[in-house]
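Heads up: the sequence shown begins at 36 in the working numbering, then just goes up one per residue.
We put the CB at the ideal spot given by N, CA and C, even for glycine.
Remarks on the structure that follows.
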Amino acid sequence: ESEASRGRCSTAETSEKVGSSSSANTHRAFAHLQVGTVRPRLVSIATVNVAGFTKLTGGSIVSSHSTFVSFVLQVVKSNKGVPESFTGDRISISWNAVVNTGIHRELACKTAAGLMKNPPLTLEIGCCASIATVGNLGTAGMKKFGIIGPCISTSFTLMRLNKLFGTSILAEASFRSEDCKFSMNAVSRIRYAKFAACPFMIYELVAEKVTENAEWMYQLE
């Protein structure tokens, strides 16, 4: 299944920058562009959710949410991700939508793995990459940076499937490339028409591979 054919399955979802005080705000890299100035991009999206967050009560909700958001933003920043939006206990993160990078899948995996190291709460993460339309949406009086593409809803769906399969991080097959630096286990073949016309495999991200640095060999030659 080609990246381009996946991109034709359109799922629209605009996103508000984390920390924005108004929905009219747009990403600073696109602030000078007119509404409707969009471009196709191959982007990676990670959707992060807190398992069982709605069961929290009272003041613990506020303190736990603040701790969760701070923790996620710290890990995302260290891996060059852009927090796009958060709704309650769910945060959406993008790579290669605003800042160019050829290793957006790897950075998404590093972020997901990093979020599993001593998280303050139990997390569920879904990762997906696809062609998406990126740019300013809305009107002249109210424009907002948005990403339109199947990667948005698919990453959310994969995140939710963690509960079904008893996993923590799920990704679609494009993350399991030959040069992938993470160990992944095959989980199941699923059908999700918004992402691909045919059923596709999903994988659990297990751990970062340990590779030997062969630089010393070149130094001896």
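- The count of Cβ pairs closer than 8 Å, one atom from the region 80-91 and one from the region 149-156, reaches three, so the stretches are in contact.
- Annotation: the continuous beta strand (DSSP E) that includes CYS163 extends over 158-173.
- For ASN131, no beta strand (DSSP E) run applies, since DSSP gives it neither H nor E.
- Counting of Cβ neighbours within 10 angstroms places GLY94 among the exposed residues, the total staying below 16.
- Per DSSP, reduced to three states, the secondary structure at ILE138 is coil, with no helix or strand assignment.
- If you draw a straight line from the Cα of THR192 to the Cα of ARG211, it comes to about 18 Å.
- In this structure, DSSP gives LEU205 an extended state, which the three-state scheme calls strand.
- Counting every other CB atom within 10 Å of its CB across the protein chains shown gives ALA148 a total of 16 or more, marking it as buried.
- LYS198 counts as exposed, since fewer than 16 other C-beta atoms from the protein chains shown sit within 10 angstroms of its C-beta.
- Counting along the chain, LYS179 sits inside no alpha helix (DSSP H); it lies in the beta strand (DSSP E) bounded by residues 178-183.
- Between the alpha carbons of CYS215 and GLY161 lies a gap of roughly 17 Å.
- When Cβ pairs closer than 8 Å are counted between the two stretches, the region 225-245 is seen not to touch the region 113-129, the count staying below three.
- Shown here, MET236 sits in a strand according to DSSP, grouped into three states.
- A residue is called buried once 16 or more other Cβ atoms fall within 10 Å of its Cβ, and ALA221, having fewer, is exposed.
- Under the DSSP assignment, PHE88 falls outside any beta strand (DSSP E); it carries neither an H nor an E label.
- ILE80 and VAL107 do not touch by the CB rule: their CB atoms are close to 14 Å apart, not below 8 Å.
- For ALA242, the beta-bridge partners assigned by DSSP are SER218.
- About 6 Å separates the beta carbon of VAL169 from that of ARG74, a gap short enough to meet the 8 Å contact definition.
- Annotation for THR122: the continuous beta strand (DSSP E) segment containing it runs 117-122.
- Residue environment analysis places CYS233 among the exposed positions, since fewer than 16 neighbouring C-beta atoms fall within 10 angstroms of its C-beta.
- Residues THR189, THR192 of the same chain have their beta carbon placed closer than 7 Å to that of TYR227, with the five preceding and five following residues left out of the count.
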